[in-house]
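For the record, in the sequence shown the residue sitting at position 179 is 520 according to my numbering, with numbers rising by one throughout. For each residue, glycine too, the CB sits at the ideal point set by N, CA and C.
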Amino acid sequence: MTIAARATTRPVPAAQGRRLRRLRIAAALLIAGLGHALQPASAAAPPGGASLIRSIGADDSGHWPTSPALGEIEAGLRRHLTAEILLLFALGFVVLLLGSAALMLRLSLAGRQARRALAQARTAHATLRALMDNLPSLIATFDTELRLVYANRAAQDFFGLDEQALIGQHARNPSLPEELEAELRAVRDSHAPSRTLEQRRTDSAGQEHHLLVSTIPLFDATGALHQILRTGVDVTQSRQAEEQIRHLIEHDPLTELPNRLRFKSELSDMLSHAPSPGLALHVIDLDGFRSVNDTHGQAMGDMLLQAVVRRLAGLVRPGDMLARLGGDEFALLQRIRGEGEAMALAGRITQALAQPYQLGPAMIRCSASLGVSALVSGQASAEAMLARADLALANARRMGMGHFKAYREEMEGEALLRRQLQAELMAALSSGALHLDYQPKFSLRDGRMEGVEALLRWNHPQRGPVSPSEFVPLAEEAGLALPLARYVLDQAAAQAMQWRGMGLELPVAVNLSGELIGMTEALAMVEQVLASTAIPARLLEIEVTESTFIGDGEAARSMLLGLRRLGITVALDDFGTGFSSLAYLQALPIDVLKVDRRFVQGLEGGGASARIVDTVVRLAHGLGVRVVAEGVESQAQLEALRKLGCDTAQGYLLARPQPPQAITSLLLGIRATKTLAIPA
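Here it is, written out as structure tokens:
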């Protein structure tokens, strides 16, 4: 197309055309410069360069401008090529600087973030380390070669080694537990955690600990075994607390002895197979312990129990077992070769416990009764052994204080009979089938009847007369001592008031069971009888046996003082059969002393009995106490007593126990004839 022809096309505005041309030329220069920079200096212009320039030089309508010519444009490009290249390099350098700055900025930001992350990681590690070091559990990790990688402070302190000495140590190190290597190896080989085990370990200070030990494999991100974690949780305090609770459940808090629960468990374990060579079970019961508590208070009673335990502990051999079954009852389990060994120990026990106890300012006497159940061959249950020992103990108590008995098979039948008699006695007491006989007491100075002693009698409908020595202990065993005493006191007081109504004032003596001495209920009962019957206190005499004071002299003394404050005469029966009688006599508030029949029976031949009675009479009179001799059965005894200065006598020689009607007739006859009952 010619220039003229191109001129005929739609013209482009001049300003706009100039801008477009400048843009095209700049683009062409940039492209050409880049191409030139990439070619060697001697190379020709790239093919098509003219076309490119021409296309660039064309206007919007596709026509070239009328000037300048194409060749001139190319020549201009070559003249200015070096300057344009320098310009492009400058631009590139600027771009490179800007990119480098941006890259450095990004690297700086990344470094700052990395440092922050590293600081956070270090803080987390320090926190975790502090946490691990302050945990009470032992924590350690081992590598796959079973070498120690980490040990927290608890583990270091436990083994007495610092971290530097522990790290890198193999599991077979002598400072570490002996079985550690085998347990770690088992977890490493199986890739499975071990079950939690409780183990006893001794720390570097020699203290034993209970540890719950676990061994756990640790894996990395690829699933490969990385380390082995070993933990030991110290449960020593928990186990000690459990042991303390168990101890409290199974032991008596006062004496620290095993209690009935623990004793029966141990006995059952021993009896689960035939014991070899044999076992003897001693059941020990203190005599009169209740009165010690009532008179001196529980604190003194506790001191007495502790003193008893100390004496029993001195008799226990290694392998034997001593326990407190409850209250004042103890049990001792002895290994024996024969029953003779058991009986020998029973004798030593009763003898040791019968000695006085000095408890602070108080001197306490408290004997013990004992029952023995021996098993030399065969088998028996714990319940059977205890029942047999209890049965033997009941037989020993019937013999009096401080006795012991061994179990015999015939005791079973006797026990059945006693239980039957106890039931019948209760029925007799409630129905009024019991009655009182009265035995007169006579003055040895003027021969007059001074009073009577009330004696309880029971005529059984099938068995006939039952001795008081048989049924009174049965009543006490059955807990009937208090109601039985109330019955006797009511009957005796009523009879005394009946005689008084006839003009016959006759004091009546009533025996009070040793079990009631020291009981506030007993003293209150006597007061109630005085009030209900309106009997003058001078007509009522209470007899207590000397064995009562062996249990607790202070309790008995307090009881007797209470009776004397009521105006009641107090008599000490069976004098001379207990321990340290003369020492007690001066401290007891008594009005009458009754000499035991055993001394009276020995008077006929003179000798020791006569000297004993003479001493007792002189001592009693020196204390202002009257003396009554019981069991007088011969005229020679009567005369000997009169010569020794005894005040009063009673016995079959003078009068047997009789119904109240016979006593009334005797009194009326004496009044009518004005004669003495016995020669003066």
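(request) Pull up the CB-CB distance for residue 549 and residue 556, whole angstroms please, since I reckon it's below 8 Å. (result) About 22 Å; that fails the 8 Å criterion.
(request) Could you check if residue 870 is buried or exposed, using at least 16 other CB atoms within 10 Å of its CB as the buried criterion? (result) buried
(message) With H, G and I counted as helix, E and B as strand and the rest as coil, what does DSSP make of residue 487?
(response) coil
(request) Pick helix, strand or coil for residue 569, following the three-state DSSP scheme. (result) The answer is strand: DSSP assigns residue 569 an E or B state.
(message) In chain order, what are the residue ranges of uninterrupted alpha helix (DSSP H) at least 4 long that sit wholly in the segment 960-986?
(response) Taking 4 residues as the minimum length, the alpha helix (DSSP H) runs contained wholly in the segment 960-986 are 976-984, in order along the chain.
(request) Could you tell me which residues DSSP puts in a beta bridge with residue 303? (result) Outside the shown range of the chain (342 to 1021) lies residue 303, about which nothing can therefore be said.
(message) Measuring only the C-alpha atoms, how far is residue 596 from residue 650?
(response) If you draw a straight line from the Cα of residue 596 to the Cα of residue 650, it comes to about 7 Å.
(request) Can you give me the start and stop residues for the beta strand (DSSP E) that residue 556 sits inside? (result) 549-560
(request) Spatial neighbours of residue 489 within its chain, please: CB distance less than 7 Å, with the 5 preceding and 5 following residues excluded, ordered by chain position. (result) 481, 483, 507, 508, 509, 510
(message) Using CA atoms only, rank isn't needed, just tell me which of 437, 1005, 533 is closest to residue 781.
(response) 1005
(message) According to DSSP, is residue 802 part of a helix, a strand, or is it coil?
(response) coil
(request) Specify the secondary structure class of residue 854 as computed by DSSP and reduced to three states. (result) coil
(request) Answer yes or no: do residue 852 and residue 829 have a C-beta to C-beta separation smaller than 9 Å? (result) Yes.
(message) Rounded to whole angstroms, what is the Cα-Cα separation between residue 748 and residue 714?
(response) If I take the Cα positions, the gap works out to 5 Å.
(request) For residue 690, name the three-state secondary structure that DSSP assigns. (result) Secondary structure of residue 690 (DSSP, three-state): helix.
(request) Pull up the DSSP beta-bridge partners for residue 599, would you. (result) 592, per the DSSP bridge assignment.
(request) Measure the Cβ-Cβ separation of residue 711 and residue 623 and say whether it is below 9 Å. (result) yes
(request) Given a cut-off of 9 Å, decide if residue 944 and residue 982 are closer than it, judged by their beta-carbon atoms. (result) Yes. Within cutoff.
(message) I need the straight-line Cα distance from residue 540 to residue 551, nearest angstrom please.
(response) The alpha-carbon atoms of residue 540 and residue 551 are separated by roughly 6 Å.
(message) Using a 10 Å radius around the Cβ and a threshold of 16 neighbouring Cβ atoms, would you call residue 744 buried or exposed?
(response) buried
(request) Using the DSSP secondary-structure output, state which residues sit across from residue 745 in a beta bridge. (result) 711
(request) Would you kindly report the start and end of the unbroken alpha helix (DSSP H) that includes residue 828? (result) From DSSP, the alpha helix (DSSP H) with residue 828 extends over 822-842.
(request) Kindly indicate which three-state DSSP category residue 642 falls into: helix, strand or coil? (result) helix
(request) Kindly indicate which three-state DSSP category residue 310 falls into: helix, strand or coil? (result) Because the chain in this structure spans residues 342 to 1021, residue 310 falls outside the shown range and cannot be described.
(message) Please return the same chain residues whose Cβ sits closer than 6 Å to the Cβ of residue 996, not counting the five positions on each side in sequence.
(response) 781
(request) Measure the beta-carbon distance from residue 825 to residue 798 and round it to whole angstroms, keeping in mind my assumption that it falls under 8 Å. (result) Not quite, the Cβ-Cβ distance comes to about 13 Å (not below 8 Å), so this is no contact.
(message) Am I right that residue 707 and residue 629 are in contact with their C-beta atoms under 8 Å? What's the rounded C-beta distance?
(response) Right, their Cβ atoms sit about 6 Å apart.
(message) residue 620 and residue 690 - do their beta-carbons sit closer together than 9 Å?
(response) no
(message) Taking a contact to mean a Cβ-Cβ separation below 9 Å, would you say residue 487 touches residue 447 in this structure?
(response) no
(message) Would residue 641 and residue 700 qualify as a contact pair, given that the criterion is a beta-carbon distance under 9 Å?
(response) Yes, Cβ-Cβ distance for residue 641 and residue 700 is below 9 Å.
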